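Below: one structure, written as structure tokens.
And the structure:
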């Protein structure tokens, strides 16, 4: 597994590693062996293109060929997918341990209210799945460690507890213990990074947060940009300002929302950035983001930001790139949860056949964005 980021030449040299048996792989390439598809891809140095072993294109010289175990590694090294065989759209092979990991996650969700029952040794004993299988499988299938998954399950339970009407006036500590945290310190540790706000502010719908926002015209209709003291927290599109402000209020129900007096600072940068994306010379985003996300969502959003302008990836390709080939639906969920349109380009993720399967701000906007970027 590799995180897709902008790489320096020194970093690229670290990932250009021929895999296991290049002699055998070269014979499979020469024979256009379809059974080798999904096991590796080959990249051509002179064209900077990578292909499936079965690709029907003319065979290159052996000295110009490098092998990679996955399309993600080929792209991280600076190669682009062949448009003829589309190796980045290859059907992801089911992980042989996906069933076992699914059983473990179900057990951990059901027992999220107990830190003891979600310890690795206890989980392995209760589910019959080996500790090593759990450790390796979680990283490969879900992209997080068992400990991270268990903590996120407890956080989700905590969030549901503090939002229950009957808990509105109950002590925060009640929800903390009911969610499975042994003490308040276990929840509050790094809570700003994990929860996006303190537990009490979360229960009160963002009370105490000051959020400045502005609305403006854009090539995609009316848009709203909002910011906290940390960075941009929302970029959204709608039919009119009333709808946009109502959406922001729903997202931050008790926060103090203030209309910005003039577009300055990060707000101005964000408005200019969005407006430029359908223009001839798009600007690069220079503003910070202040968004709330799980560990998996953060990994997905980083991968989306690495997709070059003018290109798309399928949900399964993104999942495969993250080392979690069975997580296509989770990738789609992360795209749908993206609160900052265009800055995190979830519009560049499409169905396997290139179909526009959905977009939080409307499929027509997604179509226009992709057409502008391809042009």
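Numbering (the numbering used here), first residue to last: 20 to 394.
Note that the Cβ used here is the ideal one computed from N, Cα and C, for glycine as well.
Fair warning: this is a prediction, and the values are worked out from it, not measured in the lab.
With a contact defined as Cβ atoms closer than 8 Å, residue 254 and residue 322 miss out at about 19 Å. Residue range 314 to 324 is occupied by the alpha helix (DSSP H) that includes residue 317.
For residue 99, the pairing in a beta bridge is given by DSSP as 68. Residue 247 sits in coil when the DSSP states are folded into three classes, being neither helix nor strand. Collapsing the DSSP output to three states places residue 275 in a strand.
Per DSSP, residue 235 is one residue of the beta strand (DSSP E) stretching across 229 to 237.
Contact annotation: residue 55 and residue 72 have beta-carbon atoms nearer than 8 Å. For the pair residue 249 and residue 288, the CB atoms are not nearer than the 8 Å cut-off. The beta carbon of residue 257 sits closer than 6 Å to those of 241 and 263, all from its chain and outside the five residues before and after it, given in chain order. For the pair residue 228 and residue 271, the CB atoms are nearer than the 8 Å cut-off.
Following the DSSP letters along the chain, one finds residue 85 inside the beta strand (DSSP E) bounded by residues 84 to 87. Residue 48 counts as buried, since at least 16 other C-beta atoms from the protein chains shown sit within 10 angstroms of its C-beta.
Contact check for residue 378 against residue 384 passes: the beta carbons are separated by less than 8 Å. In the DSSP secondary-structure assignment, residue 332 is bridged to 368. Here the alpha carbons of residue 252 and residue 103 stand approximately 40 Å from one another. Linking residue 374 to residue 303 through their CA atoms gives a straight-line distance of about 27 Å. Note: residue 62 is bridge-paired with 69 and 85 in the DSSP secondary-structure output. For residue 287, the enclosing alpha helix (DSSP H) stretches over residues 284 to 295. According to the DSSP assignment, residue 123 belongs to the alpha helix (DSSP H) that extends over 117 to 129.
In the three-state reduction of the DSSP assignment, residue 255 falls in the strand class.
When the beta-carbon positions are compared, residue 69 and residue 93 come within less than 8 Å of each other. Here residue 359 is bridged, per DSSP, to 254. Going by C-alpha positions, residue 85 is about 54 Å away from residue 274. With a contact defined as Cβ atoms closer than 8 Å, residue 63 and residue 90 miss out at about 14 Å. In this structure, 286 is the residue among 317, 286 and 316 with its C-alpha nearest to the C-alpha of residue 305. Residue environment: residue 156 is assigned as buried (16 or more neighbouring CB atoms within 10 Å of its CB, all protein chains considered). Residue range 150 to 156 is occupied by the alpha helix (DSSP H) that includes residue 156. Bounds of the alpha helix (DSSP H) holding residue 266 are 260 to 270.
Of the candidates 354, 394, 128 and 52, 354 places its Cα closest to the Cα of residue 319.
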